[in-house]
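Asker: First the structure, then my questions, so here it is.
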Amino acid sequence: MSLIDIEKDTFYHDYPVLQRKVQDKKLIYLDNAATTQKPYSVINKIAQFYQMQNSNIHRSAHSLSAECTLEYDNARSKVAEFLGGTLFNEIIFTKGCTEAINLVSFCMEKKIQKDDEIWISPIEHHANILPWQRLCKNTGAKLKIIPMNDQLELEISTFEHLITERAKLVAVTHISNALGVVNPVESISRICKKVGALLFIDGAQAVSHTKVNVKEINADFYALSGHKMFGPTGIGVLYAKEHLLNEFEPYQLGGGMIEQVTFHESTFAPIPYKFEAGTPPIAGALGLAQAIDYISETRYDVILQKERLLYDAFMEMCSRIKEIKIYGHKNPHHHIPVFSFNINRIHPHDISTIFDSYGIAIRSGHHCCQPLMQILGVPATARISFAYYNSISDIHIIEEAIKKSMEIFIK
Amino acid sequence: MSLIDIEKDTFYHDYPVLQRKVQDKKLIYLDNAATTQKPYSVINKIAQFYQMQNSNIHRSAHSLSAECTLEYDNARSKVAEFLGGTLFNEIIFTKGCTEAINLVSFCMEKKIQKDDEIWISPIEHHANILPWQRLCKNTGAKLKIIPMNDQLELEISTFEHLITERAKLVAVTHISNALGVVNPVESISRICKKVGALLFIDGAQAVSHTKVNVKEINADFYALSGHKMFGPTGIGVLYAKEHLLNEFEPYQLGGGMIEQVTFHESTFAPIPYKFEAGTPPIAGALGLAQAIDYISETRYDVILQKERLLYDAFMEMCSRIKEIKIYGHKNPHHHIPVFSFNINRIHPHDISTIFDSYGIAIRSGHHCCQPLMQILGVPATARISFAYYNSISDIHIIEEAIKKSMEIFIK
Amino acid sequence: MELESLYQEVIMDHNKNPRCFHKLSEYTHTADGFNPLCGDKVQVYLLIKDNKIVDIGFTGVGCAISQASASMMCQIVKNYTIEEILELSKIFREGLTKDIPIDKDIGSLEALLSVKKFPMRVKCATLAWHTLENSLKGEKHG
Amino acid sequence: MELESLYQEVIMDHNKNPRCFHKLSEYTHTADGFNPLCGDKVQVYLLIKDNKIVDIGFTGVGCAISQASASMMCQIVKNYTIEEILELSKIFREGLTKDIPIDKDIGSLEALLSVKKFPMRVKCATLAWHTLENSLKGEKHG
Ligand SMILES: Cc1ncc(COP(=O)(O)O)c(C=O)c1O
Ligand SMILES: Cc1ncc(COP(=O)(O)O)c(C=O)c1O
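Protein chains in written order, with my numbering: chain U, 56 to 466; chain H, 56 to 466; chain B, 199 to 340; chain X, 199 to 340.
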């Protein structure tokens, strides 16, 4: 696809929601970090599954179940390939990124001892804070925070000096949902390997924006949510290295993950099944696989180029409004077009309500990053999070909405 | 609806899958205990959500999010009403019945001590065995088994004599997925209350067959899966009494379930949110609510009557084939039309493959009930599990398939 | 336009110049209010003598609606009895959440009823009132 | 009809009268095979001398396909070298799972290739072979 095609800017045709109106205005959906929209192909895949194939997997010998089992297995293979060619066995379907993190933190408990250290960054989502906090509480380990500079980017060289072999796990987000900053996961990985710490990467925000290769990163764990990458709600993925999954005891217990069960004791199926107790979100897994197909057809280089156009256009517009304060983004090349901002002293909720009256959906609040808000010294921010399907022409309407906010509040 | 309408037997029109063919034959889907089919209205609801409303809940002030939050709340209210008028706060959305059981077994750990007793029945699904087994292992409590008579029904009066105040929890299935037997949950509940044990009911199989009222049963916990009640995969429900949920610590941790978070400690949102970390399966919850609407329109009395017709017709057919052995079902009034059986010494897998060549989907195996198989003294059974939408005329084809099995194997 | 009814003159005035925006040096009741979804915070302080509100103040951070609502609340309830406050709170909150018209005079609070058309903002408008009610339930203090 | 090719004469015969259906009194290698999804079980016993299978037996429970496959396997591999067994196992398993025609003569095993049209039954047909391979990997015994 050439730049000219990208500038034609017609990707939104693939997304039924983007054809609708809110408040009598065309919907301008800029809350993509909360959840992305779904293309027709994904929606149709889910409907089709229920209309034509629906059946449980693995457990029955009849044709319908055989079809579904095959499709479910193919979905797993597709995810394995999508993340950089991992093993089939290294992909666990979960209900979302949050569950994936909880799974690992639960299983790590047997590996963590008093005075071990777990490192996270100051910009983590609550989902990548609380489970480690609990793990530390349960084991006596210490939760340590990677230093951040005043450009709101991680201080990797200082981190490298601070971390020691007491560090057993480093859990960082690949891309921040609040600031849009891309963390240098390769450098972090190198540092982890040096001290022998495992690396957990929260990829919830990354996969809709950039090609991920967990093997190149050399991540031990990588977690993501289907609904944040043009796929359905209720499905997520945990990638984990095979030997780690083999060492771990199972998380949830139930059907489909056992080998032999008596009232006295039970043995478990091999990975990946050991970690998928109960009927999985089958339609969700197939929908996710379809979203991966969709992304492959669209191509990440196209997504990246389009997002760069959106980025530049938005920043250019903001440069003309002195009342707007964007957090971070000093170095555009470390960022995706996800912006936390405030306008003078207007409260973000009020900004969000005013934007909504223009049909613009943005989020206001702490973005599940209360510790980051404490560092920024604000109770909340407004956040515009673009996806590649957003239109460059919509930036004019954002400008109008900003001006309206100022008109109402700063007159 | 009159009996005449029920005999017209046209409910399958509501289900797109039931219009399809397998092996060039009309699909006769008799694996309903594994998962039920979905009516058009449920499938359309899910597609419509993604096409028209998709957005994250709770977290944003924009219109789309407001719509979704309202619908998600309404879905919870609908479940609360469906289960007999429980409180909104007593309904937790999970990814399935298995997760609901795991949640409770995790949270109960703080309440269980060495030499306490947890009682289950011999006919439980692995999902309602393994989590309690682990709980016992972690706490030193004992797993006790409710006695069963040779009609394969629970011996309630013996159980009443055996149970003591050491019993802290009794976990039983409402209806068995392997035998179709309906457990006397009201009597079990009364016995629990006498000794002060909590009652956990696995309702996975019950809700598609019979009206459930958790308050009349006086259950402390009740768990179910959406996909087994004409709803989508990836969604389930835990009902738990308010005071228990308030006492419990949270299960999974993440966004949406917090009050205040710092790096040092966190406080949690009130129930039900405390137990719903991360983006929930939103489309799943709305689909489940739609399934509840569908059931209400169809009416349980109609379902019951239709299932009785299927029951009688099937039993009548089997009475003419001496080689077929059905497990249990001595007392039809304690059973729904779910039958585990064997035909002479033909292995259930072979039965299942032969049935499949007639377009009939049945399941063969241990049905996630290995301990029950050990009691029955067989490695596996074949299982026919009817839903009310199955057609009485299909029973002739079942008969043909049975005869074909005998022809191939017993000649 | 509905936006104008939400951000009308009187509300913007209370937001800019909140009345009673201070902690009382002497108080008998207090409570903290917090909306974890958006981070709005409010603390309410009451001095109650002989079942009557003698003085009231609030502090906190939040959006225009939550700040204005707290300010207007403090202004209106002074000299009310506890019973009168609870009744007004009920009427006001029902006015925002139920689909029935209010038949009582709620004075300047009327302006806040426009929030009803913005369902995601209703909690902003009721936060101060919930906190006030909670403070009355709590242990006496001071 | 495909059902007839699955349950053809030779397979039904092996199922009804499985060959070598016993535990060996003397054996050098053994392994247990189990398919948790369906409960099929097989134990394979081998007596290997000078790299050659001198005797083989199996026990277990399972469907017609898994029983017949184990029986046919035992019959065919007697006197094979370990290398020959492993090669045959590979050819047979690939014949069942891959979309390429087999160019080697696999003798009576040919009959079992009809299982390919029943994907959910492939594991039944390969269970005995997997178990045989596992027994060869294991510690020598006896
Ligand atoms: C009685 C019973 N309990 C629990 C479950 C587990 O349900 P799910 O797999 O939907 O979590 C099932 C279904 O397999 C069941 O039949
Ligand atoms: C960076 C990050 N991590 C984790 C999550 C949690 O994802 P989910 O809510 O889908 O489990 C989110 C989304 O809210 C996120 O943005």
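All C-beta atoms, glycine included, are put in the ideal place defined by N, C-alpha and C.
#1: If you measure from the CB of S160 (chain U), is any heavy atom of ligand 2 nearer than 8 Å?
#2: Ignore the nearest five residues each way along the sequence and tell me which others in H339 (chain X)'s own chain have a CB closer than 8 Å to its CB.
#3: Under the three-state reduction of DSSP, which class applies to M203 (chain U): helix, strand or coil?
#4: State yes or no: is the C-beta of N332 (chain X) nearer than 8 Å to some heavy atom of ligand 1?
#5: I'd like the span of the alpha helix (DSSP H) that includes N332 (chain B), first residue to last.
#6: If you drop the 5 nearest sequence neighbours on each side, which residues of the same chain put their C-beta closer than 6 Å to that of A274 (chain H)?
#7: Which runs of the beta strand (DSSP E) fall wholly inside the region 358 to 412 of chain H and span at least 3 residues, in chain order?
#8: Could you name the residues of the same chain whose beta carbon sits closer than 6 Å to that of G342 (chain H), not counting the 5 residues immediately before and after it, in chain order?
#9: Rounded to a whole number of angstroms, what is the C-alpha to C-alpha distance between A346 (chain H) and V267 (chain H)?
#10: Quick one: does the C-beta of T436 (chain U) sit closer than 8 Å to a heavy atom of ligand 2?
#11: Considering only their Cβ atoms, is the gap separating N144 (chain U) from L300 (chain U) smaller than 9 Å?
#12: Closer than 9 Å, CB to CB, is V259 (chain X) near chain H or not?
#13: Looking at the structure shown, is Y243 (chain B) part of a helix, part of a strand, or coil, going by DSSP?
#14: Which residue's Cα is closest to the Cα of K223 (chain U): U:Q315, U:N204, U:T194?
#15: Any heavy atom of ligand 1 within a distance shorter than 8 Å of the CB on Q260 (chain H)?
#16: How is the beta strand (DSSP E) around Q315 (chain U) delimited, first residue to last?
#17: Given that S419 (chain H) touches chain U, what residues does it touch there, using C-beta distances under 8 Å?
#18: How many angstroms separate the CA atom of E378 (chain H) from the CA atom of E462 (chain H)?
#19: In angstroms with no decimal places, state the Cα-to-Cα distance between S351 (chain U) and M318 (chain B).
#20: Nearest-angstrom Cα distance between V259 (chain X) and H402 (chain H)?
#21: For ligand 1, is there any heavy atom lying closer than 8 Å to the beta carbon of H282 (chain H)?
#22: Just to make sure I have the definition right: I need the residues of chain B whose C-beta is within less than 7 Å of the C-beta of A435 (chain U). Which are they?
#23: Is the beta carbon of A274 (chain H) within less than 8 Å of some heavy atom of ligand 1?
#24: Look at the alpha carbon of F214 (chain H) and the alpha carbon of I201 (chain H), and state the distance between them as a whole number of angstroms.
#25: Have a look at U:I391, U:D205, U:H181 and flag the residue whose alpha-carbon is nearest the alpha-carbon of K361 (chain U).
#26: On the premise that H181 (chain H) lies in contact with I230 (chain H), defined as a C-beta separation below 8 Å, what is that separation, rounded to the nearest angstrom?
#27: Say yes only if the C-beta of D257 (chain H) is nearer than 8 Å to one or more non-hydrogen atoms of ligand 1, and no if none qualify.
#28: Mapping the DSSP letters down to three states, classify S263 (chain U) as helix, strand or coil.
#29: Run through chain U and tell me which residues come within less than 8 Å of Q425 (chain H), C-beta to C-beta.
#30: For D411 (chain U), count the other beta carbons within 10 Å of its own beta carbon; 16 or more makes it buried, fewer makes it exposed. Which is it?
#31: Given 8 Å as the limit, is there contact between the region 310 to 330 of chain H and the region 117 to 128 of chain H, that is, 3 or more CB pairs closer than that?
#32: Is S280 (chain H) buried or exposed, if buried means 16 or more other CB atoms sit within 10 Å of its CB?
#33: Please name the residue in H:R354, H:H113, H:I175, H:I406 whose C-alpha comes closest to that of A252 (chain H).
#34: Could you confirm whether any beta carbon from chain H is found closer than 9 Å to the beta carbon of F219 (chain X)?
#35: Between A340 (chain U) and ligand 2, is there a pair consisting of the residue's CB and a ligand heavy atom that are separated by less than 8 Å?
#36: Can we say the region 432 to 448 of chain H touches the region 63 to 73 of chain H, given the rule of at least three CB pairs closer than 8 Å?
Answerer: Based on what the coordinates show:
#1: Not one heavy atom of ligand 2 is found less than 8 Å from the C-beta of S160 (chain U).
#2: Because H339 (chain X) carries a pLDDT of 48, less than 50, the predicted location of this residue cannot be relied on, and the following value inherits that uncertainty. Around H339 (chain X): Y225, T226, H227, T228.
#3: For M203 (chain U), the secondary structure class from DSSP, reduced to helix, strand or coil, is strand.
#4: N332 (chain X): no, Cβ never under 8 Å from ligand 1.
#5: From DSSP, the alpha helix (DSSP H) with N332 (chain B) extends over 320 to 335.
#6: Contacts found: L254, I256.
#7: Whole beta strand (DSSP E) segments, 3+ residues: 379 to 381, 393 to 398.
#8: Spatial neighbours of G342 (chain H) in its own chain (CB-CB distance under 6 Å, excluding positions within 5 residues in sequence) are listed in chain order as V97, K100, I101, G286, P287.
#9: The C-alpha of A346 (chain H) lies about 15 Å from the C-alpha of V267 (chain H).
#10: No, since every heavy atom of ligand 2 falls outside the 8 Å radius drawn around the Cβ of T436 (chain U).
#11: The answer is yes: Cβ separation under 9 Å.
#12: With 9 Å as the cut-off, V259 (chain X) counts as an interface residue toward chain H.
#13: Y243 (chain B) sits in a strand when the DSSP states are folded into three classes.
#14: Looking at the Cα atoms, U:T194 is the closest of the given residues.
#15: Q260 (chain H) Cβ: within cutoff of ligand 1.
#16: Bounds of the beta strand (DSSP E) holding Q315 (chain U) are 313 to 316.
#17: The answer, in chain order, is S115, A116.
#18: Answer to the nearest angstrom: the Cα atoms are 12 Å apart.
#19: Between the alpha carbons of S351 (chain U) and M318 (chain B) lies a distance of about 37 Å.
#20: When rounded, the distance between both Cα atoms is 9 Å.
#21: Yes, ligand 1 has a heavy atom inside 8 Å of this Cβ.
#22: The contacting residues are C236, G237.
#23: A274 (chain H): no, Cβ never under 8 Å from ligand 1.
#24: Whole-angstrom Cα-Cα distance: 6 Å.
#25: Measuring from the Cα of K361 (chain U), the nearest candidate turns out to be U:I391.
#26: The pair is not a contact, with the Cβ atoms about 16 Å apart (cut-off 8 Å).
#27: Answer for D257 (chain H): yes, Cβ within range of ligand 1.
#28: Three-state result, S263 (chain U): coil.
#29: Against Q425 (chain H), the close residues of chain U are I313, Q315, V316, T317, in the order they occur along the chain (beta-carbon pairs closer than 8 Å).
#30: In this structure D411 (chain U) is buried. Its beta-carbon is surrounded by 16 or more other beta-carbon atoms within 10 angstroms.
#31: Judged by pairs of C-beta atoms under 8 Å, the region 310 to 330 of chain H does not touch the region 117 to 128 of chain H, as fewer than three such pairs exist.
#32: So S280 (chain H) ends up on the buried side.
#33: Nearest to A252 (chain H) by C-alpha distance, out of H:R354, H:H113, H:I175, H:I406, is H:I175.
#34: Cβ-Cβ to chain H under 9 Å: no for F219 (chain X).
#35: Closer than 8 Å to some heavy atom of ligand 2: that does not describe the Cβ of A340 (chain U).
#36: Enough Cβ pairs lie closer than 8 Å, so yes.
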